[in-house]
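Peer 1:
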Amino acid sequence: MVDALNKEAARVSGADLNPFRYDGVQVLLIRWDHDDLGVSPEVDALATVFDRDFGFGVSQLTIPVENSIHQLNRAILDWVEAYDHDGALLIIYYAGHGQISDFGRTLVWSNRRDEEDEYYCELRWNGCEDILLQAAADKLFISIVAMLRMRYRLGAVAYQK
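FYI, UniProt numbering numbers position 91 of the sequence shown as 91, with every residue one higher than the one before it.
1) Using CA atoms only, rank isn't needed, just tell me which of D114, E116 and G96 is closest to L107.
2) Within the continuous alpha helix (DSSP H) that includes Q134, where are the two ends?
3) Look at the alpha carbon of E122 and the alpha carbon of S68, and state the distance between them as a whole number of angstroms.
4) What span of residues does the beta strand (DSSP E) with S110 cover, start to end?
5) Just tell me which of N111, R21 and F56 has its CA closest to the CA of I30.
6) Taking one C-beta from the stretch 121-138 and one from the stretch 79-94 each time, how about it: are there three or more such pairs within less than 8 Å?
7) If L140 sits next to I63, beta carbons under 8 Å apart, how far is it from one beta carbon to the other, in whole angstroms?
8) Identify, in the order they occur along the chain, each residue of the same chain with its Cβ nearer than 8 Å to the Cβ of Y83, setting aside the five sequence neighbours on each side.
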């Protein structure tokens, strides 16, 4: 997993995301409550790597099924307000289901594959992303998404001022 993240980060848009050039690096690890992928052990292990091996600040967010978009927006806004400044790097990592909307412009996250499941919940990531795009810090978005038509997809996007 860590090797795949390193390769993907190196590929991303040619941005200079060397963590040692920043005066602070914060990581937000996002996953769902009631997910059917069982990503908790993987996300916990990644938190340990970021914290212990790299010395980054790490926060974990579990998206609840009820009021999920409101809870996620509030948590991201609080996190950005706490850590955003020029000279910082904010890393956002998502592990869960996802698909591109019918119109091809919106990433839809969900906690379960089966829409008929009693715990199924989804949200549109784009609204949350807008909060992050307004931040002064450089941003790196990493997602390990279980797409409906493929097993897993690793993606990363970097935004640098």
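Ideal placement from N, C-alpha and C gives every residue a C-beta, glycine not left out.
Being a predicted model, the structure only gives us computed values, none of them experimental.
Peer 2: The structure says:
1) G96
2) Looking at the DSSP string, Q134 is not in any alpha helix (DSSP H), and its letter there is neither H nor E.
3) 8 Å
4) L107 to S110
5) N111
6) Short answer: they touch.
7) At roughly 20 Å, the Cβ-Cβ gap does not stay under 8 Å, so L140 and I63 are not in contact.
8) Beyond the five residues adjoining it in sequence on each side, Y83 comes within less than 8 Å, by CB distance, of G24, Q26, G57, L90 and A137 in the same chain, given in chain order.
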